[in-house]
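Protein sequences, first through last, are from chains C and E.
Note that the numbering used here has the first sequence beginning at 1, numbered continuously upward.
Note that the numbering used here has the second sequence beginning at 1001, numbered continuously upward.
Just so it is clear, CB atoms sit at the ideal spot from N, CA and C, and this is done for glycine as well.
Since the model is a prediction, treat every value here as computed from it, not as a measurement.
Number of protein chains: 2
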Amino acid sequence: MSPTDPPFNSIAIVGLGLIGGSIALAVRERWPASRLAGVDTPSVLAHAMGSAAIDRAFESVAALPAVDLIVLAAPVNQNIELLKQLASNRPDKVVITDVGGTKRAIVDAARGLPLSATFVGGHPLSGAERGGFGFARPDLFAGRPWIFTPAGAPPPGAGDSRDDAVARLSQFVTGLGATPTTMDADQHDRLMAFVSHLPQLTASALMEVVGRATPPGGIRMGGRGLADTTRLASSPASVWRDICATNADAIGDALDLMIACLTEMRDNLHRGDTIDTIFDEAAKWRAELMKGRE
Amino acid sequence: MSPTDPPFNSIAIVGLGLIGGSIALAVRERWPASRLAGVDTPSVLAHAMGSAAIDRAFESVAALPAVDLIVLAAPVNQNIELLKQLASNRPDKVVITDVGGTKRAIVDAARGLPLSATFVGGHPLSGAERGGFGFARPDLFAGRPWIFTPAGAPPPGAGDSRDDAVARLSQFVTGLGATPTTMDADQHDRLMAFVSHLPQLTASALMEVVGRATPPGGIRMGGRGLADTTRLASSPASVWRDICATNADAIGDALDLMIACLTEMRDNLHRGDTIDTIFDEAAKWRAELMKGRE
C-alpha cells in the first residue's frame, strides 16, 4: 500500500447523521474512487443518495455486502446492538470502528463477542450545533482530534490485526483532516465527562431553567451571552441518553462538582471574595482553553 | 430641539470600560460635535484620549465641569457611591443615568438622595467576551435593547423633568443604535437573574470545574461546545461581584432552579426518559431564543 492509496477501498457507514454523513462527504472529497455504502432509514438514505454522499443504500447491516471498513455511527447503545448483529452474521475479516461519545461500554461489549472482524473504538471530537444528515459537511473533522481506544488485552491471535487496523484507521482519519490519537477507554470516558458531557448537560439544563422561569417573550431579552452558553441545547436527546447511560459514574462525579460550585456561589452571593476567586480561576482556565485558537 | 439635534451636547462618562468606552466611541460616530469628558484612572484616560474617544479627562467626578448628561459606567456599587458624591457636589440640573446590570439597588439609593439632578436607571443589554476599554467598539449597542427603569414615585416636583429625561435618553440610545424600552427595576432584576446573571455564573462555574478536574493538557481536548459554553468565563469579577451582591435574592432563586435541574439529571442518568424530557424542552426554548436571529 503506497501512502497515496486509500487505507480502505470500500466503506459502510451505519447511521448517516451529522458524524456518519460528514464521514461520507469527507471520504468522497479525499478518495473519490472509494465505494461507500450507507445504512439508515429510507428517508435518510434517499437524502444521502440524492446528494451523492453514498453510492449504495441498505436498511440493515445484515444486507450489507463485503466491505473493508464498517463505521458504526448510531447512538452508543444502538452501536453495541449493531456490533452484536455483525458478530453473528459477518465472518469476513473486516475492520469495524465506531464514533460514539463513550468508549468503555462498546469496547467491553466487543471484547465479549465472537468477532472475526477487528474492532477498534473511535471518537472524533467534532460536534456541531445540530444533528442529522442535513448538517453534515466534509470539513467537520478538519484540525480536530480523533481518539482511538485500542487498549486492553486483544483476543488470542488478534494482536497483529489490531495494530494494523489502528494504523489504517489513523491513516483514514488523517485523510479526513483529523489528528488521530490513542488513549484507554477509561481515560477517554473520564476526560469526556468533563470536557464534553458536562458542558452539554449544563447547557441543556440552563436553557430549560431559563425558558421555564422567564415570562412569555422574556427569553428574547437574552443577549449573545445566553445564546452562546446555550448553543449546545439543540443537541439531539437520542444521542445523549445513551452517553449518559454508558458514562453515568464519571458524569455523575462531574455533575457533583458542578452542583457544589454553584452551591458555593449561591451561599456566598454577598461575599465578593468567593465570587472573585471563582471568576479569577475560571478566567485563567478559559485563557488556557483558548490558547492558540483565537 | 429638532429630531437631528443631539439630545445632549456635553456628556461625561464615568468608567471607560467596555460599556463606557463603547458609548464614547458610538457618540463620536453619531454626533461628532458633542463634547465628551471621561473619568477613570490615568492609564485608561490616556488610552481613551489617545484614541480620541474623549476630549477631556478627569480622575474624579468632583473635578467634572458642567455637562448635560452623566453616564455612570463603573461596577454597580461604585456607581452608587458616585451618585452619592454627585448628590453632595453638583447642584446643577443634569441628567444622570447608569449602565449597571442590576437596577433596584441604584434606583433605591437615588430615591434616598437629595439629588437636584434627574436620575434614570439604565441598562444596555450588550455584552462582549472581555471587559475593558481595549474591547470597546462603536457598534456594541446596534440592534440590542436598552432598558430604562424610571418607575416608582418621583421626588416632589420631579415628575416632568423625569419624563423629559427618559424621552431624551431614549433618543440618545436610539442614536447609538439601541432600542430603548422601560420596565420596573424589580421586573428588570428578576428577568436579568435568568437571562443574564445565571448564564454568567453557570459559565464561570463550568470553566472552573472543568479546568480543575482535567489533567494537564486535557482541557485542550475540549471542542467548540466547551469553548462556546464557557465564552462568558472571561468576564471581569469586578463587575460581577457587585451584580451578585445587589441581586442576591433573584440570583439565588435562579441558582436553586439550576441546581435542582442538574440534580434531577444526576439522579436519573440511567433513565433515558428524564434526559429526553429535559433535552426536548431545552431544544424547544433554544429555538424560541434564536427565532429571527439566525
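- As the crow flies, the alpha-carbon of A62(C) is around 18 Å from that of R35(C).
- Excluding sequence positions up to five before and after N77(C), its CB lies within less than 6 Å of the CB of D242, all in the same chain and listed in chain order.
- A buried status is given to Q200(C), since no fewer than 16 other beta-carbon atoms sit within 10 Å of its beta-carbon.
- Taking a C-beta distance under 7 Å as the contact criterion, V1166(E) and F1141(E) do not qualify as a contact pair.
- Following the DSSP letters along the chain, one finds S1022(E) inside the alpha helix (DSSP H) bounded by residues L1018 to R1030.
- Sequence-distant partners of M221(C) (beyond 5 residues in either direction) whose C-beta falls short of 6 Å from its own C-beta are missing from its chain.
- Burial is judged here by how many other beta carbons sit within 10 angstroms of a residue's own beta carbon; H188(C) has at least 16 and is buried.
- At least one CB atom of chain C sits nearer than 7 Å to the CB of L1257(E).
- In this structure W1146(E) is in contact with G1122(E), their Cβ atoms being roughly 6 Å apart against a cut-off of 8 Å.
- For L1115(E), no beta strand (DSSP E) run applies, since DSSP gives it neither H nor E.
- If you draw a 10 Å sphere on the C-beta of A1033(E), you find fewer than 16 other C-beta atoms in it, and that means exposed.
- For P124(C), the beta-bridge partners assigned by DSSP are W146(C).
- Comparing alpha carbon positions, the residue from A178(C), A193(C) and P236(C) closest to R144(C) is A178(C).
- The distance from the Cβ of L257(C) to that of A1227(E) is about 20 Å, inconsistent with a contact at the 8 Å cut-off.
- Judged by DSSP in its simplified three-state form, I1080(E) adopts helix.
- Contact check between the stretch 264-284 of chain C and the stretch 1276-1291 of chain E: fewer than three CB pairs, one atom from each, fall below 8 Å, which does not count as touching.
- Contacts with chain E (Cβ-Cβ distance below 8 Å) from the stretch 70-88 of chain C involve no residue at all.
- Listed along chain E is no residue with a C-beta nearer than 8 Å to that of H47(C); the closest approach is about 21 Å.
- Separation of T1102(E) and G211(C) (C-alpha to C-alpha, rounded to the nearest whole angstrom) is 20 Å.
- Chain-ordered, the chain C residues with CB closer than 8 Å to the CB of P1145(E) read M221.
- Rounded to the nearest whole angstrom, the CA to CA distance from V1239(E) to R130(C) is 34 Å.
- One finds A1237 and R1241 in chain E with Cβ atoms closer than 7 Å to the Cβ of D276(C), taken in chain order.
- Spanning the alpha carbons of T229(C) and W1031(E) requires a straight line of approximately 35 Å.
- Residues of the stretch 180-214 of chain C with a Cβ closer than 7 Å to any Cβ of chain E, in chain order: L191, F194, V195, S196, L198, P199, Q200, L201, T202, A203, S204, A205, L206, M207, E208, V209, V210, G211, A213 and T214.
- By the neighbour-count criterion, in which 16 or more other beta carbons inside 10 Å mark a residue as buried, D1267(E) falls on the exposed side.
- In the three-state DSSP reduction, R1224(E) falls in the helix class (H, G or I).
- Here DSSP, grouped into helix, strand and coil, assigns L36(C) to strand.
- Between I278(C) and S1204(E), the beta carbon gap of about 6 Å places them in contact (Cβ cut-off 8 Å).
- In terms of beta-carbon proximity, R1266(E) lines the interface with chain C, with at least one pair separated by less than 7 Å.
- Looking at the DSSP output, R1056(E) sits in a beta bridge with A1037(E).
- Just measuring C-alpha positions, the residue of I1219(E), A1193(E) and L1125(E) sitting nearest L191(C) is I1219(E).
- When DSSP reads this structure, A12(C) sits in a beta bridge with A37(C) and I70(C).
- Bounds of any beta strand (DSSP E) do not take in T1230(E), whose DSSP letter is neither H nor E.
- In this structure, DSSP gives T1274(E) a helical state, which the three-state scheme calls helix.
- When C-beta distances to chain E are compared with 7 Å, every residue of the stretch 22-55 of chain C stays at or above that value.
- Of the residues assessed, R293(C) falls on the exposed side of the cut-off, its CB having fewer than 16 other CB atoms within 10 angstroms.
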